[in-house]
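Colleague: Can you read through this structure? Questions will come right after.
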Amino acid sequence: MDEDGIEVRYEHETIWLSQKFIAELFDTTTDNIGLHLKNINLDGELFEEATTEDFSVVQTA
């Protein structure tokens, strides 16, 4: 990612962003994004299986 962009992935007609990049896009924290995603899943608005990858990437730097 460069200074002026946000890294996205387009796969099977779906756009994927990390919580870090969603937070940057909306000028908020990753904790806030996580809370909103948790509430969206609990409310049944979206299903976690459809919105979460099967693996996690840990940032090392």
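Its first residue numbered 536, the sequence shown is counted upward by one per residue in this note's numbering.
Ideal placement from N, C-alpha and C gives every residue a C-beta, glycine not left out.
Roughly how many angstroms separate the alpha carbons of THR563 and THR549, rounded to a whole number?
Modeller: Roughly 23 angstroms separates the two Cα atoms.
Colleague: Just to check my reading of the structure: PHE556 and ILE541 have Cβ atoms closer than 8 angstroms, yes? What is that Cβ distance to the nearest angstrom?
Modeller: So it is a contact: roughly 5 angstroms between Cβ atoms.
Colleague: Name the DSSP bridge partner or partners of GLU546?
Modeller: The partner list for GLU546 (beta bridge, DSSP) reads THR549.
Colleague: Could you work out which residue in PHE582, GLN554, GLU559 is closest to LEU570 when comparing CA atoms only?
Modeller: It is GLN554 whose Cα lies nearest to the Cα of LEU570.
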